[in-house]
Amino acid sequence: MSASSPSKISASWRQGLRLSHIGCDKGGSLDVPPVVTYRHLLSAGSLHPTNPLRVIAHCDVDAAYAQFEAKRLGLDAREVPLAVQQWDGCIAISYPARSFGISRLDTVATALEKCPSLRLVHVATYAEGQDQAEYNMDPRPDTHKVSLDPYRRESKKILAVFKQTCPNSAVEKASIDESYFDLTIEVRKLMLERYP
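Residue numbers for the sequence shown follow the UniProt record's numbering, so the first one is 1 and each next one is one higher.
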């Protein structure tokens, strides 16, 4: 085999791996199952990204804007059909409103046809001359600018709770309503307590 024939080297290498019981999928990509040992649990490198015992969790607040608005208005988000609108479109739908078949793709008119008792809340907006976003009456795209600041404030509160609840975890905000948690330290601690 010459140095100029990488495909032969690659084929030999893959064949050797197959013989070593490491599988390849139909496309020839390596499918290497992680080998987890007690060493992974005890090693100082247990937080390394390649450690098979890493635990990353994802949290997505369902219908976040609708829940935030329900809280602001003192409504029970589990009972009141509520939709958050931006101009003529629905951008967040509470679960009670979803039970009427309302979706994020609906216009306000369509949503009201599906559920006449729907509580609609327009996102906060800036009107010309306002230095702070408000819940303006009849905002229009040509005279107002959308503000997601109220939702960002609620998001910060949720993130603070996450960080307080998981003080040893890395908590990373992904968006207004999503976060990632590295729970490796907590899970490692729990595993060592259960399996000393």
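By construction, the Cβ of each residue, glycine as well, lies at the ideal position given by its N, Cα and C atoms.
Predicted model only: the values in this text are computed from it and were never measured.
| In terms of alpha-carbon separation, which member of L53, I56, V35, L73 lies closest to Y135? | L73
| request: Rounded to whole angstroms, what's the CA-CA distance from V161 to Y38? Just pull it up for me. | output: 33 Å
Proximity to V121 [Cα-Cα], best of Y180, Y151, Q85: Q85
* Asked: In or out: R78 buried (at least 16 other Cβ within 10 Å) or exposed?
  -> exposed
_Between which residues of its own chain and C166 is the CB-CB distance below 8 Å, once the five residues before and five after are set aside?_
F181, L183, E186
- Query: Distance, Cα to Cα, R152 vs L159?
  - Reply: 10 Å
**Prompt:** Distance, Cα to Cα, A92 vs D76?
**Reply:** 15 Å
Label V35 either buried or exposed according to how many other C-beta atoms from any shown protein chain fall within 10 Å of its C-beta, with 16 as the threshold for buried. exposed
Taking the alpha-carbon positions, what's the A174 to R194 distance?
32 Å
(request) Taking Q67 as the reference, give the member of N168, A170, P150 with the closest Cα. (result) P150
Residue(s) in a DSSP beta bridge with A92: V84
- request: Determine the contact status of I102 and A111, defining contact as a CB-CB distance below 8 Å.
  value: yes
Check: Apart from the five residues just before and just after N168, which ones in its own chain have a Cβ nearer than 7 Å to its Cβ?
Finding: I185, E186
I'd like to confirm the pairing. Which residues does DSSP put opposite Y126 in its beta bridges? K145
Name the DSSP beta bridge partners of E172, please?
Y180
Next item on the list: With DSSP as the reference, label E134 as helix, strand or coil.
Entry: strand
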